[in-house]
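Contents: one structure, followed by commentary.
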Amino acid sequence: MGANEPHHQTAGGPDQPARIGPNAILRVIEALGAGPDAAATPRIFAQAGLAHYLETPPTEMVDEREVTALHQALRDILGIKQARQIGADAGRRTGDYLLANRIPRPVQRLLKLLPRALAARVLLRAIEKNAWTFAGGARFSTQSGRPTRFILDGSRVCRDTRSPLPLCDFYGATFERLFRELVDPEVRVVEVQCQAMGNPTCVFEVRSDGR
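All letters in the sequence shown, in the order written, are residues 555 to 765 by our numbering.
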C-alpha cells in the first residue's frame, strides 16, 4: 500500500445490525458524569431507549443503532455545542482506555522511539486492523501521507442528522488522543467533512503543523 492509497474496512453482515465496542456507551456515561450536565444523564439515556445501561453498563459489543440514538438524544437535550463537547470528552476517555488496556506497553514505548512518520504509519495500520470495533457498519478507510486522513462513510454518530457543523467529535478526539500520546504531542485531528453537513463522507485530517 503506497502513500495516499486508501485502505477500506467494514463490519457487520447484511442480515443483522453491526456492533460497536462498549466504549461508545461507557465513555459517554463518564463524560456526562464529569460535566455540568450530569443531572441530564437519566433523561438522555431514557430518550435514547438506553436507560438500562445506567444500571447495568454494557460489557460486550453493542448494537450500533444504540450509539446513533444516544448521540441524537445528546443533541436533542443538550444542543449541538454541548453534545459535541461531550462526544469529544468521551473520545479522549476512549483513547485513554485503549492506551491503558489495549495497546501493550512495549508497543507504546517502541512507537515513541520511532521516527514520527514511521510511528504514524504503524499506528495507522493498527487502527485499520481494529476498525471493526468502532466503525460498526460504516465503511472505514485511511490515507497515509500529508495529511494523514481517516474516512468514515456511514458514521453512526451523525447518521440521519443534518447540521451546519461537523458532529463526529467522538472519533476525532479518540484518534487525536492516540496520535498525541504515541506519535506527536502537538498533533491535531480535525474533522474537515461530515455527512451531517451534506458531505459524501466524514473525513478527519491529522495535522501537526498547527494549522
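Even for Gly, the Cβ is constructed at its ideal location relative to N, Cα and C.
Among Gly603, Leu736, Val744 and Thr715, which one has its Cα closest to the Cα of Gly633?
Locating residue 633 in the sequence shown gives position 79, where the first residue counts as 1. The shortest Cα separation from Gly633 among Gly603, Leu736, Val744 and Thr715 belongs to Thr715.
Enclosing alpha helix (DSSP H) for Thr728 [first to last residue]
The count along the sequence shown starts at 1 and reaches residue 728 at position 174. Per DSSP, Thr728 belongs to the alpha helix (DSSP H) from Asp723 to Leu736.
Check whether Val582 and Val711 have beta carbons under 8 angstroms apart
Here residue 582 corresponds to residue number 28 of the sequence shown, with the count starting at 1. Here residue 711 corresponds to residue number 157 of the sequence shown, with the count starting at 1. For Val582 and Val711, no; Cβs fall outside 8 angstroms.
Pop quiz: Gly589 and Asp643 are said to be a contact at Cβ under 8 angstroms. What is the actual Cβ separation, rounded to whole angstroms?
For the purposes of this step, residue 589 is taken as the residue at position 35 of the sequence shown. For the purposes of this step, residue 643 is taken as the residue at position 89 of the sequence shown. That pair is a contact at about 7 angstroms.
Quick one: using the 10 Å Cβ neighbour count with 16 as the cut-off for buried, is Ala592 buried or exposed?
Numbered from 1 along the sequence shown, position 38 holds the residue referred to as residue 592. Flag for Ala592 reads exposed.
Roughly how many whole angstroms lie between the Cα atoms of Met615 and Glu730?
On the sequence shown, residue 615 is found 61 positions in, with the first residue counted as 1. On the sequence shown, residue 730 is found 176 positions in, with the first residue counted as 1. Answer to the nearest angstrom: the Cα atoms are 23 angstroms apart.
Less than 8 angstroms between the C-beta atoms of Gly726 and Gly603, yes or no?
Position 172 of the sequence shown, counted from the first residue, corresponds to residue 726. Position 49 of the sequence shown, counted from the first residue, corresponds to residue 603. Not in contact: Gly726 and Gly603 (Cβ atoms no closer than 8 angstroms).
Take Pro720 as the anchor and find which of Val746, Arg703 and Asp707 has the nearest alpha-carbon.
Within the sequence shown, residue 720 is the residue found at index 166, counting from 1. Closest by alpha carbon: Val746.
Reduced DSSP secondary structure (H/G/I, E/B, other) of Leu586
Residue numbering aside, residue 586 sits at position 32 when the sequence shown is read from its first letter. Of the three classes helix, strand and coil, the one that applies to Leu586 here is helix, per DSSP.
Straight-line CA distance for Phe724 to Gln639?
For the purposes of this step, residue 724 is identified with residue 170 of the sequence shown, where counting begins at 1. For the purposes of this step, residue 639 is identified with residue 85 of the sequence shown, where counting begins at 1. About 9 angstroms.
Buried/exposed call for Arg656, threshold 16 Cβ in 10 Å:
Along the sequence shown, one-based indexing puts residue 656 at 102. Burial call: exposed.
Just the C-alpha distance for Gln697 and Phe704, rounded to the nearest angstrom, thanks.
Here residue 697 is taken as the residue at index 143 of the sequence shown, counted from 1. Here residue 704 is taken as the residue at index 150 of the sequence shown, counted from 1. When rounded, the distance between both Cα atoms is 7 angstroms.
From the DSSP secondary-structure annotation, give me the bridge partner or partners of Val744.
For the purposes of this step, residue 744 is taken as the residue at position 190 of the sequence shown. The partner list for Val744 (beta bridge, DSSP) reads Glu759.
For the region 664 to 674 against the region 688 to 695, do three or more pairs of beta-carbon atoms, one drawn from each stretch, fall closer than 8 angstroms, so that the two count as touching?
no
Assigned secondary structure, Glu706 (DSSP; H/G/I helix, E/B strand, else coil)
Residue 706 sits at position 152 when you count from the first residue of the sequence shown. The amino acid occupying residue 706 in the given sequence is Leu; Glu does not appear at that position. Correct three-state label for Leu706: strand.
Considering Cα atoms alone, identify which of Ala585, Gly649 and Arg619 is closest to Tyr571.
To locate residue 571, count along the sequence shown from 1; it is residue 17. The residue asked about is misnamed: residue 571 is Pro in this sequence, not Tyr. Closest by alpha carbon: Arg619.
Residue closest to Phe599, alpha-carbon to alpha-carbon, out of Gln626, Thr613 and Asn753
As a position in the sequence shown, residue 599 is number 45, starting the count at 1. Among Gln626, Thr613 and Asn753, the Cα nearest to that of Phe599 belongs to Gln626.
Pick from Thr702, Gln662 and Arg659 that is closest to Ala671, judged by C-alpha positions
What you label residue 671 is simply residue 117 of the sequence shown in a count that begins at 1. Closest by alpha carbon: Thr702.
What are the uninterrupted segments assigned as alpha helix (DSSP H) that are 4 or more residues long and contained completely in the region 632 to 675, given in chain order?
634 to 655 and 659 to 667
Go to Thr595, then tell me how far its alpha helix (DSSP H) extends in each direction, as first and last residue.
Counted from its first residue, the sequence shown places residue 595 at position 41. Thr595 to Gln601 is the span of the alpha helix (DSSP H), which, as asked, contains Thr595.
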